[in-house]
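Let me begin by presenting the structure, written as structure tokens, before commenting on it.
Residue numbers (our numbering), protein chains in the order written: chain R, 12 to 286; chain G, 6 to 321.
What follows is the structure, encoded as structure tokens:
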């Protein structure tokens, strides 16, 4: 199985722009959402869905597909917009985001969307389930990979470290844990609220193969992911440096925009900046 | 199986695991340093690659089980009920129930099995907590035959199941032709004077009580409510209507367990009956000490049930 697009990094940059415009429009249309978080992860999702993930969109029940878990479930609008950009969701459906009984609720629901592997929203759940999936591949001799995208503030949840310990213990080299490291959480800087650093050393000490890269630069991010050694017996931690709110100057790197929505002239300005 | 013999229900459970794999069920058992608690040894010897031990990490236990099921396994977790339901509650809620993964959660040594080890180790709230979660089936087997049938059902059912297990050995209470059906009340003894509705570990005590009451010319009906969700409202309502007197017996808090469920049925079905709920008193942790004494204190043993039944029937 392969990726249906397998785009070049420069093409992915264009896709990410499209995703970001959809993120602004969708959040504005819904009147709420996690704008900063969605924009932060847009390049990572574009790289995964337009190049990295080996999936067949027609067969999302294929046991050999790569798995992607959005552990930072609040970034779900970013996922929906990526799926729409890829043509996996009709763009018109984005208008239903957050509406009553919508197929696109404010956190991902697998019963409503075949591209969602796990219902997330409560933080610190993705990695354990990723460990189970990675184990299932090892136990059945399948070679699919498991990608889990976590927020950085989310790493304050202790469950991540239970999962991390076991990922290394079970030698899950098929598991890729991507940290959207924008250094902001709901209330403030991660390092002000509850410091995470030194993150590289922490993951290394837990037995991970750790890579730092730029999560807003598709070229760098793809380069990192495509060079991973999935036979070295070690789970992967990708610390992807990102800017929360990336792409819209007045949203970038501001904690207040974790779930603020552009209003009035801000909307036009955001779309202009993203053109 | 003979009547005088008793059987460890956990060993019965483990035998169902072995038979399931032999029949082609793609089973994975996840434990959290609970290999001895679960008596998983014979299964592990046969199928070492099907046992995953995550260490003392209950949140990971449940998350990993959910992941294994998403990877195609029928996954079973097996650890002490107190740590499963309390520590990993959010994983049970989201990764198993809300995500509707094919995970069977086994709550071992539930109730006050760990008697003297006190309230950290008692699980008297597991049923009430899990009843709050939408889609999980909840079963409590009463004897070895029930245990085997319930596990056989659960391992072939697709979706979340919780099975409340006891650490004691129990004799056979069922006939060989007993069939477990989810949502079907299990009538162990028909009677006309009083309905005794019991759950799991207390069913045997209810049977002993019914036998003892016979010498006082009391004809007690005993129903094992092994299927807590789905619940057989019709059969339970019919029994209470018939006898007009009901005792519920559970090794569980009186908040949100069997007694609460029966109260709901009686209120909604407009059934008037003399009614006593036996269990761990409301708003309390259970006493700590030898299990036998705890059960006597809360009157959820044979003598307690007999005493309660006599009060209800004779001292009106």
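The C-beta atom is built at its ideal place from N, Cα and C for all residues, glycine as well.
Cβ of residue i within 8 Å of any chain G Cβ
i, result
"residue 142 of chain R", "yes"
"residue 147 of chain R", "yes"
"residue 151 of chain R", "yes"
"residue 116 of chain R", "no"
"residue 128 of chain R", "yes"
"residue 267 of chain R", "no"
"residue 7 of chain R", "As displayed, chain R neither begins before 12 nor continues past 286, which places residue 7 of chain R out of reach and without an answer."
"residue 286 of chain R", "no"
"residue 173 of chain R", "yes"
Spatially closest choice to residue i from the options, by CA coordinates
i, options, result
"residue 148 of chain G", "G:191, G:139 and G:132", "G:191"
"residue 140 of chain G", "G:161, G:114, G:101 and G:118", "G:101"
"residue 96 of chain G", "R:104, R:130 and R:266", "R:130"
"residue 261 of chain G", "G:137, G:159, G:75 and G:40", "G:137"
"residue 160 of chain G", "G:143, G:225, G:42 and G:108", "G:108"
"residue 283 of chain G", "G:94, G:78 and G:258", "G:258"
"residue 176 of chain R", "R:112, R:141, R:22 and R:265", "R:141"
"residue 245 of chain G", "G:280, G:231 and G:234", "G:280"
"residue 170 of chain R", "R:195, R:135 and R:58", "R:135"
"residue 234 of chain G", "G:253, G:276, G:266 and G:217", "G:266"
"residue 26 of chain R", "R:124, R:90, R:84 and R:221", "R:90"
"residue 263 of chain R", "R:231, R:51, R:210 and R:85", "R:51"
"residue 255 of chain G", "G:116, G:175 and G:315", "G:116"
Residue environment, residue i, which counts as buried when at least 16 other CB atoms sit within 10 Å
i, result
"residue 44 of chain G", "buried"
"residue 55 of chain G", "buried"
"residue 273 of chain R", "buried"
"residue 279 of chain R", "exposed"
"residue 181 of chain R", "buried"
"residue 106 of chain G", "buried"
"residue 320 of chain G", "exposed"
"residue 151 of chain R", "exposed"
"residue 119 of chain R", "buried"
"residue 53 of chain R", "buried"
"residue 221 of chain R", "buried"
"residue 146 of chain G", "buried"
"residue 206 of chain G", "buried"
"residue 314 of chain G", "buried"
"residue 62 of chain R", "buried"
DSSP-derived helix/strand/coil call for residue i
i, result
"residue 158 of chain R", "strand"
"residue 24 of chain G", "helix"
"residue 206 of chain G", "helix"
"residue 257 of chain G", "strand"
"residue 62 of chain R", "helix"
"residue 307 of chain G", "helix"
"residue 18 of chain G", "helix"
"residue 18 of chain R", "coil"
"residue 232 of chain R", "helix"
"residue 112 of chain R", "coil"
"residue 104 of chain G", "coil"
"residue 279 of chain R", "helix"
"residue 226 of chain G", "strand"
"residue 9 of chain G", "coil"
"residue 144 of chain G", "strand"
"residue 94 of chain G", "helix"
"residue 236 of chain G", "coil"
"residue 46 of chain R", "helix"
"residue 62 of chain G", "coil"
"residue 213 of chain G", "helix"
"residue 45 of chain G", "coil"
Contact with chain R by residue i, beta-carbon distance below 8 Å
i, result
"residue 179 of chain G", "no"
"residue 68 of chain G", "yes"
"residue 6 of chain G", "For residue 6 of chain G, the predicted model reports a pLDDT of 42, less than 50, meaning its position is unreliable; a value from the coordinates is still stated below. For residue 6 of chain G, the answer is no, since every Cβ of chain R falls outside 8 Å of its Cβ."
"residue 107 of chain G", "no"
"residue 264 of chain G", "no"
"residue 103 of chain G", "yes"
"residue 95 of chain G", "yes"
Would you be able to state if there are at least three C-beta pairs under 8 Å between the region 63-75 of chain G and the region 16-29 of chain G?
These segments do not touch.
For the structure I just gave you, are there three or more beta carbon pairs, one from the region 194-201 of chain G and one from the region 166-177 of chain G, closer than 8 Å?
no
If we count Cβ pairs, one from each stretch, closer than 8 Å, do we get three or more for the region 294-302 of chain G versus the region 112-126 of chain G?
yes
Specify whether the region 18-25 of chain R and the region 71-80 of chain R touch according to this definition: at least 3 beta carbon pairs, one from each stretch, less than 8 Å apart.
no
Would you check if the region 172-188 of chain G and the region 19-32 of chain G touch, i.e. whether three or more CB-CB distances between them fall below 8 Å?
no
Would you say the region 249-258 of chain R touches the region 184-194 of chain R, given that touching needs at least three Cβ pairs under 8 Å?
Two segments are said to touch when three or more pairs of C-beta atoms, one from each, lie closer than 8 Å; by this definition the region 249-258 of chain R touches the region 184-194 of chain R.
Within the chosen definition, does the region 78-95 of chain G reach the region 107-115 of chain G through at least 3 CB pairs nearer than 8 Å?
Cβ pair count under 8 Å is three or more, so yes.
Is there contact here, the region 95-106 of chain R with the region 151-168 of chain R, by at least three beta-carbon pairs under 8 Å?
no
Indicate whether the contact test is met: 3 or more Cβ pairs, each with one atom in the region 102-119 of chain R and one in the region 35-47 of chain R, closer than 8 Å.
yes
Contact between the region 303-317 of chain G and the region 208-219 of chain G (3+ Cβ pairs under 8 Å)
Taking 8 Å as the limit for Cβ pairs, the verdict is that the region 208-219 of chain G does touch the region 303-317 of chain G.
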